[in-house]
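This report concerns only the one structure given below.
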């Protein structure tokens, strides 16, 4: 019951391949699950892998995401390899942020931006670059973020950091 649910799920998918058992990753909100076998039994690899009923998961997704059943059904379908990769990177990003590890955080933010194209990851990359003293890279990323999201909740804070980067450059 320690470690990463996403990585445990990936290990189970790999083991399933070796054993010729279909195991699929499910990127459920807030937790990572797997779907096993022809009967498509859902299980939580971090909680004893007890079977979880599909309808109960759909109901939980509807309540958690405040969505209709059609959208909730999509949540219990297998995740693509890139979605699994993004989920792993988001976990790494959180760990590096908690540790104040800007060098590794920059690498993760760069990969997330490459995979998703989401401006928030470019902003994160710029903030890590700024913390590491790479001012030109930070300025480019922070300017791009503010152009893409001028009304973002963090726009004032990002603009302030951008001004700081420009004043030192």
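In our numbering, the protein residues as written are 6 to 174. Here a beta-carbon is modelled for each residue, glycine too, at the ideal position from N, C-alpha and C. Just so it is clear, the structure is predicted and the values come from calculations on it, not from any experiment.
**Q.** Between the CA atoms of residue 130 and residue 112 - distance to the nearest angstrom
**A.** 8 Å
Q. In angstroms, rounded to a whole number, what distance separates the CA positions of residue 82 and residue 123?
A. 23 Å
Q: Compare the Cα-Cα distances from residue 153 to each of 128, 139 and 166 and report the closest residue.
A: 128
Q.
Rounded to the nearest angstrom, what separates residue 5 and residue 51 at their Cα positions?
A. This structure leaves residue 5 out entirely; the chain is present only between 6 and 174.
Q. Which first and last residues belong to the alpha helix (DSSP H) in which residue 29 is found?
A. First-last for residue 29: 28-31, but that is the beta strand (DSSP E), not the alpha helix (DSSP H).
Q: Identify whether residue 158 lies in helix, strand or coil by the three-state DSSP scheme.
A: coil
**Q.** Residues bridged to residue 39 [DSSP beta-bridge criterion]
**A.** 30 and 48
Q) At which residues does the alpha helix (DSSP H) containing residue 9 begin and terminate? A) First-last for residue 9: undefined, no H or E at that position.
Q. Would you report the Cα separation of residue 105 and residue 132, rounded to the nearest angstrom?
A. 12 Å
Q.
Can you list, in chain order, the residues of its chain with a C-beta nearer than 7 Å to that of residue 238? Leave out the 5 residues immediately preceding and following it.
A. The shown model of the chain, from 6 to 174, leaves out residue 238, and the question about it has no answer.
Q) Under a three-way DSSP split, which group does residue 57 fall into? A) strand
Q) Is the beta carbon of residue 165 sitting closer than 9 Å to the one on residue 120? A) no
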